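**Student:** I have a structure I would like to understand better, so I am pasting it below and will then ask my questions one at a time.
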Ligand code: SF4
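Numbering (our numbering), first residue to last: 392 to 460.
Listed below in structure tokens is the structure:
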């Protein structure tokens with residue numbers, strides 16, 4: 392059985408009652424889907440185009456597949 396409400400504890404320790412509505416549930420599930428989608432992409436390399444001089448001085452050069460120069 393779905394609980395009718397829950398509580399969120401804020402940074403100052405106060406508790407806020409949150410009603411468990413269909414709209415809120417839909418919003419939370421949509422956000423969870425977005426998080427899962429981004430997690431699937433987390434291993435994908437972000438394309439960069441650094442100046443060659445910067446790459447030559449970079450400590451990550453041996454580990455980098457995009458090093459230039
Ligand atoms: S070697 Fe790779 S990590 Fe280093 S500056 Fe160049 S692109 Fe960035």
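The beta-carbon is built from N, C-alpha and C at its ideal position, and this holds for glycine as well. What you are looking at is a predicted structure, and each value in this text was computed from that prediction instead of being measured.
Roughly how many angstroms lie between the CA atoms of residue 459 and residue 430, to the nearest whole one?
**Tutor:** 28 Å
**Student:** Quick one: grab the DSSP three-state call for residue 439.
**Tutor:** coil
**Student:** What number of angstroms, rounded off, separates the C-alpha of residue 443 from the C-alpha of residue 433?
**Tutor:** 26 Å
**Student:** When every heavy atom of ligand 1 is checked, does at least one fall within less than 7 Å of the C-beta of residue 445?
**Tutor:** yes
**Student:** For the candidate residues 395, 456, 439, 445, whose alpha-carbon lies nearest to that of residue 408?
**Tutor:** 395
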